[in-house]
Amino acid sequence: MRATRGERVFYFINTVFLISVAIICLAPLIHIFAISLSANEMVTSGKVTFWPKKFTLVGYEYILENKLFWKGMYNSLIRVVLGLAVNLLFTVLAAYPLSKETSRFKQRTFYAWIFFIPMIFGGGLIPTFILVKDLKLMNSIWALILPGAVPIFYILLMLNFFRGLPNEMEEAALIDGASQWRILFTIYIPLSLPALATICVYAILGHWNSWFDGLIYLNDPNKYPVMTYLQTAVISIDFNKLTPEEIQKLSVLGDKTYKAAQIFLGSFPVLVTYPFFQKYFTKGLVLGSVKG
Amino acid sequence: MSAKLRDFKRNLPYHLMLLPCVIMLVIFNYIPMYGVKIAFQKFIPARGMFGEQTWVGLKNLTYIFKMQDFYIALRNTIFISFMKLFLGMLTSIIFAILLNELRNNKLKRTIQTAVYLPHFLSWIILAGVFVDIFSPSYGIINKLIKALGFEPIFFLGSNKWFPAVLIGTEVWKEFGFGTIVYLAAIVSIDPSLYESAIVDGANKWRQIWHITIPGLLPIIILLSLLNIGSILNGNFDQVFNLYSPQVYRSGDILDTLIYRVGLLDANYSLSTAIGLFKSLVSLVLISTSYYLAYKVADYRIF
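Same order as they appear, the protein sequences are chains A and B. Numbering-wise (this note's numbering), the first sequence opens with residue 2 and increments by one. Numbering-wise (this note's numbering), the second sequence opens with residue 0 and increments by one.
Structural data, given as C-alpha cells:
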C-alpha cells in the first residue's frame with residue numbers, strides 16, 4: 002500500500018526527530034571524550050564541543066602514572082568476578098526450589114515470604130553499616146560482596162524462567178533416579194543459559210558501577226574500586242588527601258583534561274562491551290516485567 | 000514411614016538449596032531490620048548493635064519532626080521523584096510509540112542502541128560529565144545560552160534550577176531504557192486491529208490514538224502503580240554526586256540527609272530514625288501498590 006503525502010511527511014519528521022534524540026543521548030559522552038583530548042585552556046575557555054582542540058594525550062599520560070586509578074580498575078575487576086560468582090550461586094540455588102509449585106513443595110510459601118519481606122522493608126543505611134562494622138568486615142572486599150550476596154531481583158527473574166521450562170523433563174529424570182541437585186545442574190542450568198547470561202550482565206554492571214559501599218566500608222584508598230576512586234578523586238575532590246606533588250602537577254596540567262580522561266577511561270569497559278551485552282539486558286527486562 | 004517424614008525427605012534438597020540464601024538474608028537483611036531499634040536508643044557505637052544501650056523511647060522520632068532539614072528533604076524528595084517518574088514515563092511512552100512507527104529496522108536498532116546506553120553508566124561517570132556540561136564558565140549549555148544573548152545560568156548552584164537539572168538528567172538517562180517494556184507491549188497488540196482501522200480509513204494519528212494507546216494502557220497502569228512504592232527514593236547516587244551545600248534547600252533528599260546525619264555527623268540514632276520513617280512510609284506505599292497491582296492487573300511477584 003502506498004503511503005499518503007501526510008504519512009510521508011510524518012515519517013520524515015519522525016525519523017529526523019528520533020535520530021536527534023539518539024544523538025542527544027550520545028553527545029555528552031562524545032563531549033567528555035573530546036575534552037579529555039584537548040588542552041586545558043581550550044576547555045576552560047569553552048572552545049571544545051565535540052572535537053578535540055589543541056589535541057593532547059597529556060591527560061592519559063598522567064593517568065598512566067596514577068597508581069590509584071589502575072589499582073581501582075584492578076580492584077573493580079576482582080570485585081566483579083567475586084561478586085558475580087557469589088550472586089550466580091545464590092540466584093540459582095534459591096530460584097530452583099522457589100520455582101516449584103506449592104503442591105510439590107509445601108513450604109514454598111513460607112520461603113517466598115522470607116524472600117519477599119526484604120523487598121518491602123529494610124533496616125536502612127545505619128543499621129547495615131553498624132552490622133558490617135560489628136562483623137569486622139570493614140576495609141575488606143567482602144563488605145562489598147556479602148551484603149548484596151542474595152540478589153532477590155535476579156532470583157525472581159530466574160525462577161520465572163525455570164517455571165517456563167517443561168515439567169516432563171524433571172519427571173523423567175526423577176524416574177531415572179536423578180537427584181534434585183543433578184536435575185538442577187545438568188538439566189535446568191544448561192537450558193537456562195539465556196536467562197543466566199542476562200543475570201550475568203546485570204550483576205557485572207551492578208558491581209562495576211557501585212561506588213557508595215566502597216566509600217563507606219573501605220578506609221584504604223588502595224582498596225577502592227574504580228568508581229569509588231573516581232568519586233573521591235574526581236567528583237568530590239578532597240585537596241587534603243592529595244600530596245603536595247599531586248597538587249603541583251594538577252596546577253601545571255590543569256585539571257579539566259585530566260578529570261575528563263579519568264571519567265572517560267572509567268566508563269570505557271562498559272562502552273566497549275555494551276554492543277555485545279545490550280541484547281541480553283533488554284531480553285531479561287522483558288522476561289522479568291511483562292509476565293502474566 | 001509417615002507421609003510427613005517422606006514428604007520432608009523428598010523435599011530435603013530444596014531446603015538445603017535454600018538454606019545458604021536464608022542464612023545470608025537473615026544476617027544482612029533481617030538483622031538490620033532488628034537494628035532499627037537504634038532509632039529508639041541513645042546509641043553508642045563502641046558497644047555494637049547487640050550491646051547494652053540506653054533506651055530513649057520516641058525521642059529521636061519526635062525530634063525529626065522538629066527538624067527543618069527533614070521537612071525540606073521530604074518535600075524535595077516527593078517533588079523530585081514524582082516529576083522524574085511522571086516525565087520519565089511520559090517520555091518513554093511517546094518515544095516508544097514514535098520508534099514503533101519507524102519502518103527501517105536497522106535504523107530502529109541503531110537508535111535503540113544509542114538511547115539505552117546512558118542507563119548502563121554509573122552516576123559517577125555522568126556526574127563528571129554533567130559538571131562540565133552545566134558549568135557556568137565553560138559548559139556547552141551555557142555557551143549556547145550566551146550565544147543566544149542570555150545571561151549564563153549556574154545550573155548546579157542555583158536553587159531555582161537544581162531540581163530541574165536532577166529531573167532532566169534522570170529522564171535523559173532512563174527514558175530510553177524505559178521504552179523497552181512499552182515496545183514489547185506495542186508488538187503484542189493484535190495487527191488485525193490496525194488492518195481494519197486502515198480499511199476504515201483511519202490515519203496514523205487515529206491509529207495511534209485509538210489502538211496503540213489503549214493497547215498500552217494496561218502496562219501504563221501497572222507501572223504507574225508499581226512506581227508509587229518508589230516515591231521516597233530520590234536517587235541518592237545522582238543527588239549526592241551533583242549537589243552542594245548551596246542547593247540543599249531545593250535538592251537535598253531524604254537519603255542524602257540520612258547519609259549526612261548518620262555518617263558525617265555520626266548521629267546514628269537520629270539518622271536511623273529518619274531512615275525508619277522513610278522505610279515505614281515506603282512499606283505502606285509499596286504494599287498498597289503491590290496490592291493494587293494484584294487487584295487491577297493480577298500482577299504477582301513470587
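C-beta: ideal position from N, C-alpha, C; glycine also.
Item	Value
Ordered list of alpha helix (DSSP H) runs contained in the stretch 59 to 142 of chain B, each at least 4 residues	67 to 99, 104 to 115 and 122 to 132
Within-8 Å CB hit, B:F307 to chain A	Summary: the structure shown does not reach residue 307 of chain B, with chain B confined to residues 0 through 301, and so no result is reported for it.
Selected residue, minimal CA-CA separation from B:L97, among B:S195, B:K203 and B:E194	B:K203
Local conformation of B:Q206 per DSSP, three classes	helix
beta-carbon A:Y218 near the ligand COA non-hydrogen atom, thresh 7 Å	Ligands are entirely absent from the displayed structure, and the ligand COA is therefore not among its contents.
Residue nearest to B:A95 in terms of C-alpha spacing, selected from B:F133, B:D251, B:E173 and B:N234	B:E173
Whether B:I166 touches B:L231 by CB criterion (8 Å)	no
For A:T199, the three-state DSSP class (helix, strand or coil)	helix
Cβ pair B:P151, B:N141 closer than 8 Å	yes
Segment contact, 8 Å Cβ cut-off, at least three pairs: the stretch 109 to 124 of chain A with the stretch 194 to 201 of chain A	no
Helix, strand or coil at B:W54 according to DSSP, with G and I counted as helix	strand
Per-residue contacts from A:T45 into chain B (C-beta, under 8 Å)	S136 and Y137
Counterpart residues of B:Q40 in DSSP-defined beta bridges	B:W54
Among A:T92, A:F163, A:A4 and A:L19, nearest to B:S91 - alpha-carbon criterion	A:L19
Beta carbon proximity, B:F78 to chain A, threshold 8 Å	no
Interface residues of chain B facing A:W182 [CB-CB closer than 7 Å]	P12
Supposed contact pair A:F56 and A:L38 - C-beta distance, whole angstroms, cut 8 Å	6 Å
Cβ-Cβ separation, A:K224 to A:N320 (assumed contact under 8 Å), whole Å	The structure shown does not extend to residue 320 of chain A, since chain A is modelled only from 2 to 293, so the question has no answer here.
Residue closest to A:D256, alpha-carbon to alpha-carbon, out of A:Y63, A:T103 and A:G267	A:Y63
Cross-chain neighbours of A:L147 in chain B, by beta carbon under 9 Å	M23, I26 and F27
Contacts of A:H32 in chain B (Cβ-Cβ under 9 Å)	V128, D131, I132 and I139
Counted within 10 angstroms of its Cβ, other Cβ atoms place B:Y70 as buried (16 or more) or exposed	exposed
Burial state of A:W182 (16 or more Cβ within 10 Å)	exposed
Contact residues within the stretch 197 to 209 of chain B, judged by C-beta distance below 9 Å to chain A	I197, N202, K203 and W204
Contacts around A:N168, its chain only, beta-carbon distance under 8 Å, and the 5 residues preceding and following it disregarded	none
Own chain, CB closer than 7 Å to B:F153, minus 5 neighbours either side, in chain order	P135
Candidates B:K41, B:R9, B:S288 and B:L116, of which the one nearest B:I220 by Cα	B:S288
Inter-stretch contact at 8 Å, needing at least 3 Cβ pairs: the stretch 91 to 107 of chain A / the stretch 153 to 173 of chain A	yes
Span of the alpha helix (DSSP H) around A:M228	V227 to L231
Per-residue contacts from A:A113 into chain B (C-beta, under 8 Å)	F301
Inter-residue Cα distance where the pair is B:N239 and A:T16	In the sequence as presented, Asn is not what sits at residue 239 of chain B; that position holds Phe. Looking at the two C-alpha atoms, the distance is approximately 37 Å.
Cut-off 7 Å between Cβ atoms - residues of its own chain near B:N234, not counting five sequence neighbours on either side	E169
Interface flag, B:K142 vs chain A, CB-CB below 8 Å	yes
Cross-chain neighbours of B:Y115 in chain A, by beta carbon under 9 Å	C26, Y275, Q279, F282 and T283
Neighbourhood of B:Q206 by C-beta, 7 Å cutoff - its chain only, sequence neighbours within 5 removed	Y193 and A196
Below-8 Å beta-carbon distance, B:S278 vs any chain A residue	yes
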